[in-house]
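Scroll down for the structure; my scribbles are underneath it.
Protein chains: 2
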Amino acid sequence: MIGGALGTALRREGVARQVIAFDCDPAVASRAVERGAADVAVSDLREVADTQIVFVAVPLDQIVAVCRLLISYLSAETILTDVGSVKAPVVASLERIAPPVRFVGGHPMAGNEGSGIEAADPAFLRGRPYVITPTGFTDRQAVTQLADVVRAIGMTPLVMQPEVHDRLAALTSHMPYLVACAAVLSAAAEPESLGVGGPTFEGFARIARSPVTLWGVITRMNRDEVLRALREFRGRLDDIEKSLETNSVEPLLERAHDVGQTFAGLRSR
Amino acid sequence: MIGGALGTALRREGVARQVIAFDCDPAVASRAVERGAADVAVSDLREVADTQIVFVAVPLDQIVAVCRLLISYLSAETILTDVGSVKAPVVASLERIAPPVRFVGGHPMAGNEGSGIEAADPAFLRGRPYVITPTGFTDRQAVTQLADVVRAIGMTPLVMQPEVHDRLAALTSHMPYLVACAAVLSAAAEPESLGVGGPTFEGFARIARSPVTLWGVITRMNRDEVLRALREFRGRLDDIEKSLETNSVEPLLERAHDVGQTFAGLRSR
Numbered sequence: 637m638i639g640g641a642l643g644t645a646l647r648r649e650g651v652a653r654q655v656i657a658f659d660c661d662p663a664v665a666s667r668a669v670e671r672g673a674a675d676v677a678v679s680d681l682r683e684v685a686d687t688q689i690v691f692v693a694v695p696l697d698q699i700v701a702v703c704r705l706l707i708s709y710l711s712a713e714t715i716l717t718d719v720g721s722v723k724a725p726v727v728a729s730l731e732r733i734a735p736p737v738r739f740v741g742g743h744p745m746a747g748n749e750g751s752g753i754e755a756a757d758p759a760f761l762r763g764r765p766y767v768i769t770p771t772g773f774t775d776r777q778a779v780t781q782l783a784d785v786v787r788a789i790g791m792t793p794l795v796m797q798p799e800v801h802d803r804l805a806a807l808t809s810h811m812p813y814l815v816a817c818a819a820v821l822s823a824a825a826e827p828e829s830l831g832v833g834g835p836t837f838e839g840f841a842r843i844a845r846s847p848v849t850l851w852g853v854i855t856r857m858n859r860d861e862v863l864r865a866l867r868e869f870r871g872r873l874d875d876i877e878k879s880l881e882t883n884s885v886e887p888l889l890e891r892a893h894d895v896g897q898t899f900a901g902l903r904s905r
Numbered sequence: 637m638i639g640g641a642l643g644t645a646l647r648r649e650g651v652a653r654q655v656i657a658f659d660c661d662p663a664v665a666s667r668a669v670e671r672g673a674a675d676v677a678v679s680d681l682r683e684v685a686d687t688q689i690v691f692v693a694v695p696l697d698q699i700v701a702v703c704r705l706l707i708s709y710l711s712a713e714t715i716l717t718d719v720g721s722v723k724a725p726v727v728a729s730l731e732r733i734a735p736p737v738r739f740v741g742g743h744p745m746a747g748n749e750g751s752g753i754e755a756a757d758p759a760f761l762r763g764r765p766y767v768i769t770p771t772g773f774t775d776r777q778a779v780t781q782l783a784d785v786v787r788a789i790g791m792t793p794l795v796m797q798p799e800v801h802d803r804l805a806a807l808t809s810h811m812p813y814l815v816a817c818a819a820v821l822s823a824a825a826e827p828e829s830l831g832v833g834g835p836t837f838e839g840f841a842r843i844a845r846s847p848v849t850l851w852g853v854i855t856r857m858n859r860d861e862v863l864r865a866l867r868e869f870r871g872r873l874d875d876i877e878k879s880l881e882t883n884s885v886e887p888l889l890e891r892a893h894d895v896g897q898t899f900a901g902l903r904s905r
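Protein sequences, first through last, are from chains A and B.
The numbering of the first sequence is the working numbering, which starts it at 637 and goes up by one.
The numbering of the second sequence is the working numbering, which starts it at 637 and goes up by one.
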């Protein structure tokens, strides 16, 4: 999904002279070409040896293994980057094994509840943040080059430490996903309730039906930050519950409303 | 928002010979006509005396007062119905004072995060449930007539007791709203986090920025069911948190995924 969306955007914006698709399933790489996500599909990794940037868009728990395999094919000019949803452990593993290949961790904060090439849609990238997570070991020029590519496809590069990414992603993505799961499970305790679900429930149900295998790995690899975010969440839910009991919930709802407005303002800029 | 959407749908589907708009602010009623949500705007309640159905689409805490005022203008042939988000207290008050006017409680499970006539969009009604909440005091024929109108505008009538509606609405709407507020407040504890918010956070932020005055009244009027739904939610969140600690979260995520799929299946039928 993310690889296909990036490939399509790179081609549409004329950023890349050529986009090459590789997948362990050759049919998927061919499908990427048919959908306009790549110029050519290759089945031999030697054919990616001369690329300027390799985007590794594979399941989070396979990024390190796939990059390890790739590195022997790449030259020192190549920038190797991943799009995984958890950064600290991936970056820590790869910055040790990548050199002389230049590795930079990345995470486009975009997507939908689907997965695979058929769910790839470059529209979901536009205007969204693309986090880039260098460390003291990262080649500065590679960071600049990746940020330039990110801007060229209409996304906003945000440079931060891998650990900061993981804390913020736990708060804005991993915790909200788990909270949506808990909410739909509570509603399902009354089987009739699904029949009356309106737009609020629809949003939660959409989040809950995103791929379980992906989320199982994300929440495991970022467990400490996820548990910390859940503790923060419980504190805010306690505040809301107490204020309901004393008929004074509005000030908290106002603050939540303001956060929602601020966020909408950031996205529409 | 709801009144304007219903008026537009009633006119488009040719269900009503005439749709009459009344608002305490005459400019709003005129705007409804301009937007195609009504055929005429009136500023004197005597002009609604002969209507077959009156939809009272006003803030939840004003429904009873507005209906009390309206009743003296209406004939025994008129069906009086509201679109409030909490049903038991509204229905209990109105079924005592409405006769000989025939009152039926109702709640279209539809809308967006906006409010007012400018946010009215009949598209959000299509395919959605419209809960109708008769009691032992309700005229059966009025229920049938309202259900026919609901079907004619492409919505699905669901008949249930007011108390059942309020329990299910707490689980699928009121609790999820509060949970979304708690989640955006937790994220906002780290000001940088808003910058990295992706599609999951966007859904939560959209819910959190729906009108606070509306939600303050809803959560107050349905407080017992809301608190019960929050307790159920906390139980499911505890389950998820414990399973994260023992690296066994997938079965719960699978169940949440299945609820999300089931819900999507119900809506696409």
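Note that beta-carbon positions come from the ideal geometry of N, C-alpha and C, so glycine has one too.
1) Out of A/A783, A/A805, A/T644, which one is the CA nearest neighbour of A/M745?
2) Please list the terminal residues of the continuous beta strand (DSSP E) segment that includes A/H743.
3) 8 Å is my cut-off, CB to CB: does A/Q897 come that close to chain B?
4) Check the DSSP bridge columns for B/T717 and list the partner residues they point to.
5) Closest to B/R787 by CA distance: which of B/A778, B/P798, B/R762, B/Q797 is it?
6) Is there a Cβ of chain A sitting closer than 8 Å to that of B/N748, yes or no?
7) Say the cut is 7 Å; is the CB of B/Q781 nearer than that to a heavy atom of the ligand MG?
8) Hey, how far is the Cα of B/V895 from the Cα of A/E649?
9) Let me check understanding here. Comparing Cα to Cα, which of A/E799, A/L814, A/T717, A/V853 lies closest to A/L866?
10) Between A/D775 and the rest of its own chain, which residues show a CB-CB distance below 6 Å, the 5 nearest in sequence each way excluded?
11) Need the endpoints of the beta strand (DSSP E) that A/Y766 sits in, please.
12) Examine chain B for any beta-carbon lying closer than 8 Å to the beta-carbon of A/F658, and answer yes or no.
13) Anything in the region 827–841 of chain B with a Cβ closer than 8 Å to a Cβ of chain A? List those residues in chain order, please.
14) Taking A/V678 as the reference, which of A/A663, A/I689, A/G672, A/R671 has the closest Cα?
15) If you pair each beta-carbon of the region 787–798 of chain A with each one of the region 816–826 of chain A, do three or more pairs fall below 8 Å?
16) Since A/V719 contacts A/G742 with CB under 8 Å, what's their CB separation in whole angstroms?
17) Grouping DSSP H, G and I as helix and E and B as strand, with all else coil, what is B/T882?
18) Report the residue from B/T687, B/G747, B/A892 whose alpha carbon sits nearest the alpha carbon of B/I715.
19) Whose C-beta lies closer than 8 Å to the C-beta of B/G833 among residues of the same chain, with five residues either side of it excluded?
20) Within a Cβ cutoff of 8 Å, which residues of the same chain sit near A/R682, ignoring the five residues on either side of it in sequence?
21) Quick one: list the residues of chain A neighbouring B/G640, beta-carbon separation under 9 Å, in chain order.
22) Hey, is A/I789's beta-carbon within less than 8 Å of any beta-carbon in chain B?
23) On the DSSP letters alone, give me the boundaries of the beta strand (DSSP E) that A/T808 sits inside.
24) Cα separation between B/K878 and A/R803?
25) Check whether the Cβ of A/S666 lies closer than 8 Å to any Cβ atom in chain B.
26) In whole angstroms, what is the alpha-carbon distance linking B/G672 and B/D680?
27) If we define contact as Cβ-Cβ less than 8 Å, is A/P793 a contact residue for chain B?
28) By Cβ distance, which residues of its chain are closer than 8 Å to A/V684, with the 5 residues on each side in sequence left out?
29) From the DSSP output, which residues share a beta bridge with B/T792?
30) What is the C-beta distance between A/G852 and B/E886, in whole angstroms, given that I count them as a contact (C-beta under 8 Å)?
31) Helix, strand or coil: which one does DSSP assign to B/A734?
32) Between B/P725 and B/L850, is the Cβ-Cβ spacing less than 8 Å?
33) At 8 Å on the CB atoms, spell out the chain B contacts of A/E890, in chain order.
34) What first and last residue would you give for the alpha helix (DSSP H) that runs through B/E838?
35) Can you give me the C-alpha to C-alpha distance between A/N883 and A/G639, rounded to a whole angstrom?
36) Compare the C-beta of A/P812 with all C-beta atoms of chain B and state if any pair is closer than 8 Å.
This is what the structure holds:
1) If you number the first sequence from 1, residue 745 of chain A lands on position 109. Residue A/A805 is the option with its Cα nearest to A/M745.
2) Position 107 of the first sequence, counted from the start, is the residue given in the question as residue 743 of chain A. First-last of the beta strand (DSSP E) with A/H743: 738–744.
3) Start at 1 with the first residue of the first sequence, and residue 897 of chain A comes out as number 261. Taking Cβ atoms only, chain B reaches closer than 8 Å to A/Q897, which makes this a yes.
4) As a working note, residue 717 of chain B is residue 81 in the second sequence. B/T717 pairs with B/F691, B/V740.
5) Counted from its first residue, the second sequence places residue 787 of chain B at position 151. Comparing Cα-Cα distances from B/R787 to each of B/A778, B/P798, B/R762, B/Q797, the minimum goes to B/R762.
6) As a first step, residue 748 of chain B is located in the second sequence; it is residue number 112 there, counting from the start. True, the Cβ-Cβ gap to chain A drops below 8 Å.
7) Only the bare structure without any ligand can be found here, which leaves the ligand MG out of the picture.
8) The residue you call residue 895 of chain B lines up with position 259 of the second sequence. The residue you call residue 649 of chain A lines up with position 13 of the first sequence. If I take the Cα positions, the gap works out to 39 Å.
9) Locating residue 866 of chain A in the first sequence gives position 230, counting from the first residue. Measuring from the Cα of A/L866, the nearest candidate turns out to be A/L814.
10) Taking the first residue of the first sequence as position 1, residue 775 of chain A is located at position 139. The residues are R738.
11) Numbered from 1 along the first sequence, position 130 holds the residue referred to as residue 766 of chain A. Note, A/Y766: beta strand (DSSP E), 765–769.
12) Working through the first sequence from its first residue, we reach residue 658 of chain A at position 22. No - not a single Cβ of chain B is within 8 Å of the one on A/F658.
13) E828, S829, L830, G831, V832, G833, G834, P835, T836, F837, E838, G839, F840, A841
14) As a working note, residue 678 of chain A is residue 42 in the first sequence. Checked all of A/A663, A/I689, A/G672, A/R671; the closest Cα to A/V678 is A/A663.
15) no
16) Locating residue 719 of chain A in the first sequence gives position 83, where the first residue counts as 1. Locating residue 742 of chain A in the first sequence gives position 106, where the first residue counts as 1. Yes, they are in contact, since the Cβ atoms of A/V719 and A/G742 sit about 6 Å apart, within 8 Å.
17) Numbered from its first residue, the second sequence carries residue 882 of chain B at position 246. Residue state, collapsed to three classes: coil.
18) In the second sequence, the residue the question calls residue 715 of chain B occupies position 79. The option with the nearest alpha carbon to B/I715 is B/T687.
19) Locating residue 833 of chain B in the second sequence gives position 197, where the first residue counts as 1. Cβ neighbours of B/G833 beyond the five flanking positions: A823, A841.
20) Here residue 682 of chain A corresponds to residue number 46 of the first sequence, with the count starting at 1. The answer, listed in chain order, is Y709.
21) Residue 640 of chain B sits at position 4 when you count from the first residue of the second sequence. The premise fails here: B/G640 is roughly 16 Å from chain A at the closest Cβ pair, so nothing lies under 9 Å.
22) Against the first sequence, residue 789 of chain A aligns to sequence position 153. By this cut-off, A/I789 is not an interface position.
23) Position 172 of the first sequence, counted from the first residue, corresponds to residue 808 of chain A. Unbroken run through A/T808: none, as it is neither H nor E.
24) Position 242 of the second sequence holds residue 878 of chain B. Position 167 of the first sequence holds residue 803 of chain A. Between B/K878 and A/R803, the C-alpha separation is close to 20 Å.
25) The residue given as residue 666 of chain A occupies position 30 in the first sequence. Taking Cβ atoms only, chain B never reaches closer than 8 Å to A/S666, which makes this a no.
26) Along the second sequence, read from residue 1 onward, the residue named residue 672 of chain B stands at position 36. Along the second sequence, read from residue 1 onward, the residue named residue 680 of chain B stands at position 44. So the alpha carbons of these two residues sit roughly 20 Å apart.
27) Working through the first sequence from its first residue, we reach residue 793 of chain A at position 157. For A/P793, the answer is no, since every Cβ of chain B falls outside 8 Å of its Cβ.
28) Taking the first residue of the first sequence as 1, we reach residue 684 of chain A at position 48. The residues are I656, F658, V678, V690, L706, Y709, L710.
29) In the second sequence, counting from the first residue as 1, residue 792 of chain B sits at position 156. DSSP lists B/P765 as partners of B/T792.
30) Residue 852 of chain A sits at position 216 when you count from the first residue of the first sequence. Residue 886 of chain B sits at position 250 when you count from the first residue of the second sequence. A/G852 to B/E886, Cβ: 5 Å. Contact.
31) Against the second sequence, residue 734 of chain B aligns to sequence position 98. Reduced to three states, the DSSP call for B/A734 is coil.
32) As a working note, residue 725 of chain B is residue 89 in the second sequence. As a working note, residue 850 of chain B is residue 214 in the second sequence. Taking 8 Å as the Cβ cut-off, B/P725 and B/L850 do not qualify as a contacting pair.
33) Position 254 of the first sequence, counted from the first residue, corresponds to residue 890 of chain A. Within chain B, the residues near A/E890 are V848.
34) If you number the second sequence from 1, residue 838 of chain B lands on position 202. Counting along the chain, the alpha helix (DSSP H) containing B/E838 begins and ends at 835–844.
35) Numbered from its first residue, the first sequence carries residue 883 of chain A at position 247. Numbered from its first residue, the first sequence carries residue 639 of chain A at position 3. Straight-line Cα distance between these residues: approximately 49 Å.
36) Residue mapping note: residue 812 of chain A aligns to position 176 of the first sequence, counting from 1. Judged by the 8 Å Cβ criterion, A/P812 is in contact with chain B.
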